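Before any comments, here is the structure.
Residue numbers (the numbering used here), protein chains in the order written: chain A, 1 to 243; chain B, 244 to 496.
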């Protein structure tokens, strides 16, 4: 494993009910890269992300973030996490939500405007979140995660249901953040988002079936798109995740 | 614990409340309406004023408790289910910051609510309070904080708002029945009296009743028993907050 990796997952297993939601998963992320976590709905992406953020009860294995065990006190203002359902207060405006979370985090006041700008909600900032569209609401939630420039961003399906133009802009923002040194981990169940990532983790039934750059993955499976690569990996014949 | 975070949580809860005009109206007007109804009900009875003088103080203890219990259990449940609780706990928020913020915000609301209710009772309805009126308000605020604390605790055991509301009869009704409002606590069967002695609302009602009947409006005139009762109510509130903190989990399945 790389010495300076931001997230190191080793043999992680999470049991939910009677199901192994995450089954012996190991990988490490590289700083300053956008890593995509792709796989169908219900394959364990969210559970894996929750384990990295440190809010998931895990059955085995270790998760180390920025040198500390996941969930450590030292990490609480260094990770930005966006859940699939927007976690913002519906009865407050966008700006009020951001001001509240900024106070909790103890960030400087200028952060609020910067983050609202980053998600392109400036003209909606005084609207109560409950009156925004689904996409706007999830952008408000994303803005909260950007507060204080966290070193690691864990984003659970942040681009689902968004307008293609906005989706492109958000991916551009993820790459801009990565270029400034932020580690970005983005999940998606939409395979055509794979090419926007520097690196791909493909997941199915709780297991990691591939961990490579999109190009390498296509070459290795002799396919033209990630959807076919996924099928090739699942239906066998191709060597799975690289160790 | 961080004062900055506790105050931000309290400020945010009050801000949300301010936007919800209907709830604010309910919180402030409803207790006054119920107390007026009670006063009216006893109005034509022979010796009616005595009935109101006896029940009024007990209700001044009960209402803030019931209302804050309900409001808090539903609000915190909403916080749990909307994912904002998880987000806050993944941030540097301490569990006590969160609970303290809620207790502070709803304690303030209760202070306003109780001041209004006491004002209506004493100045408009002629409730006869022999003791200190402002200690009456202090007791009411302690009851409200107790309700808030129990509401926070109970919200951990409900998955939906529908379930949370149903904890009200379970937690509140036995306390109303056994607090001495219907049968004096000393006159109850020994077992029930023992149970009554373990319920916080009994002490709140005791404090209110002795404030209403013991003469002297100066602070020094307040029966020391009242301070003991207030101490017990606060003790229960602190215990419930600690239990509530124990139900907040940073990691969940």
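Note that beta-carbon positions come from the ideal geometry of N, C-alpha and C, so glycine has one too.
Given the structure is predicted, the values throughout are model-derived calculations rather than measurements.
- Look at residue 268 of chain B here: in three-state DSSP terms it is helix.
- Residue-level contact by beta carbon holds for residue 335 of chain B and chain A, with a gap shorter than 8 Å.
- Under DSSP, residue 69 of chain A shares a beta bridge with A/64.
- Taking 8 Å as the cut-off between beta carbons, the residues of the segment 83-109 of chain A near chain B are 83, 85, 86, 87, 88, 89, 90, 91, 92, 96, 100, 101, 103, 104, 105, 106, in sequence order.
- Rounded to the nearest angstrom, the gap between the Cα atoms of residue 43 of chain A and residue 208 of chain A is 10 Å.
- Rounded to whole angstroms, residue 21 of chain A and residue 63 of chain A show a C-alpha spacing of 16 Å.
- Using a CB distance cut-off of 8 Å, residue 11 of chain A does not count as an interface residue toward chain B.
- In this structure, residue 280 of chain B keeps its C-beta atom at 8 Å or more from the C-beta atom of residue 398 of chain B.
- Within chain B, 329, 332, 333, 493, 494, 495 have C-beta atoms less than 8 Å from the C-beta of residue 55 of chain A, given in sequence order.
- Listed by position along chain B, the residues whose Cβ is nearer than 9 Å to that of residue 77 of chain A are 334, 335.
- Taking all protein chains shown into account, residue 183 of chain A has 16 or more neighbouring C-beta atoms within 10 Å of its C-beta and is therefore buried.
- Scanning its chain for C-beta atoms nearer than 7 Å, with the 5 sequence neighbours on each side dropped, one finds around residue 322 of chain B the residues 328, in chain order.
- Taking CB atoms only, residue 16 of chain A has a neighbour in chain B less than 8 Å away.
- With distances taken between CA atoms, residue 464 of chain B lies nearest to B/377 out of B/433, B/413, B/377, B/484.
- Identification of chain A residues near residue 251 of chain B by a Cβ-Cβ cut-off of 8 Å yields 100, 103, 104, ordered along the chain.
- The C-beta distance from residue 119 of chain A to residue 142 of chain A rounds to 5 Å, short enough to fall under 8 Å.
- The segment 331-344 of chain B and the segment 423-433 of chain B do not touch, with fewer than 3 CB-CB distances between them shorter than 8 Å.
- Contact between the segment 25-45 of chain A and the segment 185-199 of chain A is established, with three or more Cβ pairs separated by less than 8 Å.
- A check of alpha carbon separations from residue 316 of chain B across B/491, B/436, B/390 identifies B/390 as the nearest.
- Residue-level contact by beta carbon fails for residue 477 of chain B and chain A, as no gap is shorter than 8 Å.
- DSSP places residue 369 of chain B outside both helix and strand once states are collapsed to three, so it counts as coil.
- By DSSP's assignment, residue 394 of chain B forms no beta bridge with any residue.
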